[in-house]
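This report refers to the structure that appears directly beneath it.
Number of protein chains: 2
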Amino acid sequence: MDFYEKTGKMALGSRLRRLSEQVTEQAASVYNLYEVDLQPKWFPVFYSLSEGEEKSITDIAREIGHTHPSVSQIVREMVGRGYILEKKGTTDARKNFVVLSEAGIKVRDKMQHQLEDVTTAIEKVMKETQYDLWKAIGEWEFLLEQKSLLRRVQEEKKLRESNEVQIVDYEPAYAKAFHDLNEEWITTWFKMEEEDHHALDHPKEHILDGGGHIYVALYKGQAVGTCAIIKMKDGGFELAKMAVSPKAKGKGIGWLLGRACIEKARELGGTRVYLESNTRLKPAISLYHKLGFRKIAGPPSPYERCDIQMELVF
Amino acid sequence: MDFYEKTGKMALGSRLRRLSEQVTEQAASVYNLYEVDLQPKWFPVFYSLSEGEEKSITDIAREIGHTHPSVSQIVREMVGRGYILEKKGTTDARKNFVVLSEAGIKVRDKMQHQLEDVTTAIEKVMKETQYDLWKAIGEWEFLLEQKSLLRRVQEEKKLRESNEVQIVDYEPAYAKAFHDLNEEWITTWFKMEEEDHHALDHPKEHILDGGGHIYVALYKGQAVGTCAIIKMKDGGFELAKMAVSPKAKGKGIGWLLGRACIEKARELGGTRVYLESNTRLKPAISLYHKLGFRKIAGPPSPYERCDIQMELVF
DNA sequence: TATATTTACGTAAGCACTTACGTAATTAAT
DNA sequence: ATTAATTACGTAAGTGCTTACGTAAATATA
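Here the protein sequences line up with chains R and P, keeping their order.
Quick note on numbering: the first sequence equals residues 0 to 313 in numbering that gives the first Met the number 0.
Quick note on numbering: the second sequence equals residues 0 to 313 in numbering that gives the first Met the number 0.
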C-alpha cells in the first residue's frame, strides 16, 4: 500500500478499485457460509426485486446503476436457476417484466440473517475507524455529480497556465506577432478588409498615437495574444484587435487581456469601453459578457463583419 | 444512488467499484488534455519506473499491487510503444529487467503538469468534503488486513446464533437426544465402550442421582448439545458427555455448555473440575483450554480412548 | 550429484462489467 | 398516414484485471 502514498492522489481510482476487490473477494465464501445459492454479482438485481415487485430490465438497471445488458445477463442466469420469472408486458410488448419466483422468495428469506450479520460486521469496522468511509463515498458521489473530475482538472490547468501568462505593453518587437495573430483569426472567420490592413500594419499610427494602448500576452516568452483600446471621440475607448492564438486556448488569456484593457481605459480617464463584434463568434461574445460588456444598439461600423455592439460604462 | 442507502452496507463493494469507475472513467480524456500518449492503465507501472530505476516484473507487481501477469502484459504494450526497454538479468536469466526508455522519460517530463493539476483538483475536492475519503480508505485497508471481512462476518454469525441458544437443565424428555448426540460423536471417532452404554442409557442413575448435573443446549427448540458434571469422590466434578451436533457447529454451543457446567460445579461446592479426553479431538482440547482447563497427569481412566487429562481448580 | 522445491515469468482463459450495435415496438412530427 | 425519433432489450465483442497453468532457471535437500 505504500505505493499509493507515494503516487499521491493520482491513483485514487486504482486504490478504490483495490479496496472494492478486497471487500468483494470473499463475498462468495460468505454466501456459502449461509448456504445461500446466489452469486454475489446477482445481489443488486436480487435485492431490487426482493420486495416482490415486478420490474422491467431498464427499471432495474437504472435503480442499481448498471447498464441494461448487465441486468439482462444476470436476469437470464437467475431465470436459469429458477429464481426469477419473466413475462412480456401487456400494454408494451417490448418490456420484459421480471419478478422473484417462489424459489427466489425462499432464498430471500434465507438471506435475512446473512444481510444482518454482514451489515453489523461492516458497521463494527466502521466503528473502529476514525474517518467514515460510507459518508466519504457519499460526499464524493455528490461532488463528482456536481462537477466531473475532468472539468475540475481542466479548471486547474487553466488556473496554473494563466499564472504563467504575462500581459505586457506593446513594443515594436511585437509588430509581426500583432499582425499575424490578428490576421489569423480574421481569415479563419472572415476576409481581411481594407481597414484591417491599415490597423495591423501601422499600430503606432492607428492606435497608440491617438492615445490608445496595446497589450500583448506572453506565454513561455512567446507572444500568443493581443488586445488594444483605441481612443474614441466621445471620451470612451474602443476595445479592438483582440486575438489569441488557437494554440494557447484554454489558459484564460482572453480574459486577462480584456481585463487589462478595461483597467487601462479606466486609468486613462475613459468614460466607457465600446466594442464591435460578430454573433458568430460565440466564445468571444460570452467572454465580453463575462468581462461586463452589455449589448447596445450603436452607430454603424466601418467593418462589414460587425453585427453586434457592446459597451461597458464605468 | 438511493439504492445503496437502502441495501445498507451489504453493497459496500459495489459502491466502491462504482466510485472508482467514476473517478477512472475520464482518465483517458485527462491524458488527452495534456497530449500525453499513455493509457491510464499503464500509469502504475509507469510511475513505478519513473525515477529511472531498473526493476523486474515481479518487483513492479509487488510494488503496485497487481499480479505479475498484469504487469507482464502492460510492459509488453509499453515496449511496443517504445516507452520501455527490456533486458534479461545477467546473474539470474529468469528475470526480465525493465527501464523507461528515452521516449518514456520524455513522457514522464511532459506529465509533470498533469500530475500536479490532477493532484490539486483532487485535493480541492477533499477540502470540500467533511469526511476524508483518503484516510478512510487507509483505515479500511489496515483493518481488513488485520482481520478479513469473512472472519468478521463469521464472528457475527456465531455471536447472533449463540444468542439463540438456550442452555437448559436435563429432563427425561431429552433422554433420546442425550443418548444420540453422544453416540454420534463417539462412533465417528471411536467405538462405543461398555461404560458408554451404561452412562447413556441411564443418565439419572449414572449422573444425577450421584449429585451431578446435566445441561442440554437448545437451538430453535431442538436439542443440539449436551454436557454433564459427575460428582467425584475427591470433592471435585468430572466434566463429561460433552456432545454438540455437527449440524449446529460454529454457534459457540460447546463454550456455552462448558461455562454452564463449570458454573454449576462451583455452585455445588466443587473444588475443581476434571476431564478426560483424547488429543485427536483438537477443537475440543482447544475449547477446554479456552474454558480454563490445564493439562495434568492424573489417575488412569476406565475409558480406552482417554489419553489426556485436564483440570480447572477453583 | 541427482532430485525436489521454489521462483520468475509468460500465455490462456475467465470474470464482471462495459460499449457498440441491431431489431422490434412505441411515440412524435409532418 | 407516413416517416422519423425514441425506447426496450438482446447479442457480441471489448476491457482491465484476475486465476490457472506451463516452462525454464535457480536453490535447497538428499
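Using N, Cα and C, we set each Cβ at its ideal position, and we do this for glycine too.
In this text the structure is predicted, and so the values were computed from the model without any measurement.
Legend entry - Under 9 Å from the C-beta of H112(R): neighbouring residues of chain P: On the first sequence, residue 112(R) is found 113 positions in, with the first residue counted as 1. Going along chain P in sequence order, the residues near H112(R) (Cβ under 9 Å) are K156, R159 and E160.
Legend entry - Best match in M309(P), A27(P), K87(P) and W188(P) for proximity to Y273(P) [C-alpha to C-alpha]: Sequence index remark: in the second sequence, residue 273(P) carries index 274 (1-based). Out of M309(P), A27(P), K87(P) and W188(P), M309(P) has the C-alpha closest to the C-alpha of Y273(P).
Inset, instruction - State yes or no: is the C-beta of G211(R) within less than 8 Å of the C-beta of A227(R)? - result: Counting from 1 along the first sequence, the entry for residue 211(R) is found at position 212. Counting from 1 along the first sequence, the entry for residue 227(R) is found at position 228. Yes; because the gap between Cβ atoms is below 8 Å, this pair is in contact.
Inset, instruction - May I ask you to report which of helix, strand or coil DSSP gives L274(R)? - result: Here residue 274(R) refers to the residue found at position 275 of the first sequence. L274(R): strand per DSSP, three-state reduction.
Legend entry - Under the three-state DSSP convention, the category F236(P) falls into: Position 237 of the second sequence, counted from the start, is the residue given in the question as residue 236(P). DSSP places F236(P) in strand when its eight states are reduced to three.
Legend entry - Partners in chain P for Q25(R), counting only beta-carbon separations shorter than 7 Å: Walking along the first sequence from the start, residue 25(R) turns up at place 26. The contacting residues are S147, L148 and L149.
Legend entry - Residues near K250(P) in its chain [Cβ-Cβ closer than 7 Å; skip 5 each side]: Numbered from its first residue, the second sequence carries residue 250(P) at position 251. K157, E160, S161, V164 and Y218, listed in sequence order.
Inset, instruction - Could you pull the start and end residues of the alpha helix (DSSP H) that H197(R) belongs to? - result: Walking along the first sequence from the start, residue 197(R) turns up at place 198. Taken as a continuous stretch (DSSP letters only), the alpha helix (DSSP H) holding H197(R) covers E193 to D200.
Legend entry - Through-space distance from E122(P) to R258(R), alpha-carbon basis: Translated into positions along the first sequence, residue 258(R) becomes position 259. Translated into positions along the second sequence, residue 122(P) becomes position 123. Answer to the nearest angstrom: the Cα atoms are 29 Å apart.
Legend entry - In chain order, each beta strand (DSSP E) run of at least 3 residues that lies wholly inside the segment 65-132 of chain R: 83-87 and 95-99
Inset, instruction - Could you check what DSSP says for V44(P) in three-state terms: helix, strand or coil? - result: In the second sequence, the residue the question calls residue 44(P) occupies position 45. V44(P) falls in the helix class under three-state DSSP.
Legend entry - Beta-bridge partners of E310(P), as assigned by DSSP: Taking the second sequence and counting its residues from 1, the one referred to as residue 310(P) is at position 311. According to DSSP, E310(P) bridges with Y273(P) and R293(P).
Inset, instruction - Would you identify the three-state DSSP class for M9(P), choosing helix, strand or coil? - result: To locate residue 9(P), count along the second sequence from 1; it is residue 10. Three-state result, M9(P): helix.
Inset, instruction - State the beta-bridge partners of I213(P) as determined by DSSP. - result: The count along the second sequence starts at 1 and reaches residue 213(P) at position 214. I213(P) is bridged to A227(P).
Legend entry - Simplified DSSP state of P299(P), which is helix, strand or coil: Taking the first residue of the second sequence as 1, we reach residue 299(P) at position 300. Coil.
Legend entry - Which residues DSSP lists as bridging I63(R), in chain order: For this step, residue 63(R) is matched to residue 64 along the first sequence. Its beta-bridge partners do not exist; DSSP assigns none.
Legend entry - Neighbour list for D116(P) in chain R, Cβ cutoff strictly below 7 Å: Start at 1 with the first residue of the second sequence, and residue 116(P) comes out as number 117. Result: V152, E155, K156 and R159.
Inset, instruction - Answer with yes or no whether the minimum CB distance from D131(P) to chain R is below 8 Å. - result: On the second sequence, position 132 is the one that residue 131(P) refers to. Judged by the 8 Å Cβ criterion, D131(P) is in contact with chain R.
Inset, instruction - Taking 8 Å as the cut-off, decide whether the C-beta atoms of F236(R) and G269(R) are in contact. - result: On the first sequence, residue 236(R) is found 237 positions in, with the first residue counted as 1. On the first sequence, residue 269(R) is found 270 positions in, with the first residue counted as 1. Closer than 8 Å, so yes.
Inset, instruction - Give a yes or no on whether the C-beta atoms belonging to R17(P) and G64(R) are separated by under 8 Å. - result: Your numbering for residue 17(P) matches position 18 in the second sequence. Your numbering for residue 64(R) matches position 65 in the first sequence. Yes, these two residues count as a Cβ contact at 8 Å.
Legend entry - Nonlocal neighbours in the same chain, by C-beta distance under 7 Å from T119(P), ignoring five residues either side: Against the second sequence, residue 119(P) aligns to sequence position 120. Nothing meets the Cβ criterion.
Inset, instruction - Taking the CB atoms as reference points, tell me whether S49(R) and N95(R) lie closer together than 8 Å. - result: Working through the first sequence from its first residue, we reach residue 49(R) at position 50. Working through the first sequence from its first residue, we reach residue 95(R) at position 96. No.
Inset, instruction - Return yes when the Cβ of T128(P) is within less than 8 Å of the Cβ of L142(R), no when it is not. - result: Counting from 1 along the first sequence, the entry for residue 142(R) is found at position 143. Counting from 1 along the second sequence, the entry for residue 128(P) is found at position 129. Contact flag set, yes.
Inset, instruction - Find the nearest neighbour of F43(R) within the set Q72(P), N31(P) and M9(P), judged by alpha-carbon distance. - result: Position 44 of the first sequence, counting from 1, holds the residue named residue 43(R). In the sequence under discussion, the amino acid at residue 43(R) is Pro, which differs from the Phe named in the question. The shortest C-alpha separation from P43(R) is found at M9(P).
Legend entry - Below-8 Å beta-carbon distance, P282(R) vs any chain P residue: Numbered from its first residue, the first sequence carries residue 282(R) at position 283. By this cut-off, P282(R) is not an interface position.
Inset, instruction - Assuming I284(R) contacts I252(R) (C-beta within less than 8 Å), just tell me the rounded distance between them. - result: Taking the first sequence and counting its residues from 1, the one referred to as residue 284(R) is at position 285. Taking the first sequence and counting its residues from 1, the one referred to as residue 252(R) is at position 253. Contact flag wrong, Cβ pair sits at about 17 Å.
Legend entry - Simplified DSSP assignment, three categories, for Y169(R): Sequence index remark: in the first sequence, residue 169(R) carries index 170 (1-based). Here Y169(R) sits in coil by DSSP.
Legend entry - Residue range of the unbroken alpha helix (DSSP H) whose run includes L37(R): Taking the first sequence and counting its residues from 1, the one referred to as residue 37(R) is at position 38. Per DSSP, L37(R) belongs to no alpha helix (DSSP H) and is neither H nor E.
Inset, instruction - Using beta-carbon positions only, say whether D116(P) and E170(R) come within less than 8 Å of one another. - result: For this step, residue 116(P) is matched to residue 117 along the second sequence. For this step, residue 170(R) is matched to residue 171 along the first sequence. No, the pair does not count as a contact, with Cβ atoms beyond the cut-off.
Inset, instruction - Return helix, strand or coil for S55(R), following the three-state DSSP convention. - result: As a first step, residue 55(R) must be located in the first sequence, where it is residue number 56. The answer is strand: DSSP assigns S55(R) an E or B state.
Inset, instruction - Go ahead and pull the three-state DSSP assignment for Q25(P). - result: In the second sequence, the residue the question calls residue 25(P) occupies position 26. In the structure shown, Q25(P) sits in coil (DSSP, three-state: anything other than H, G, I, E or B).
Inset, instruction - Output the distance between the C-alpha atoms of K246(R) and G51(P), rounded to the nearest integer angstrom. - result: Taking the first residue of the first sequence as position 1, residue 246(R) is located at position 247. Taking the first residue of the second sequence as position 1, residue 51(P) is located at position 52. Each residue's alpha carbon lies about 32 Å from the other.
Inset, instruction - Please check if any C-beta of chain P sits within less than 8 Å of the C-beta of T128(R). - result: Translated into the one-based positions of the first sequence, residue 128(R) becomes position 129. Yes, contact with chain P.
Inset, instruction - Please report the residue range of the alpha helix (DSSP H) in which G253(P) lies. - result: The residue you call residue 253(P) lines up with position 254 of the second sequence. Note, G253(P): alpha helix (DSSP H), I252 to E266.
Legend entry - Buried versus exposed call for F313(R) [16 or more other C-beta atoms within 10 Å across all chains shown]: One-based indexing of the first sequence puts residue 313(R) at position 314. Classification of F313(R): exposed, given that the 10 Å Cβ count is below 16.
Legend entry - Within-8 Å CB hit, T119(R) to chain P: Translated into the one-based positions of the first sequence, residue 119(R) becomes position 120. Taking Cβ atoms only, chain P reaches closer than 8 Å to T119(R), which makes this a yes.
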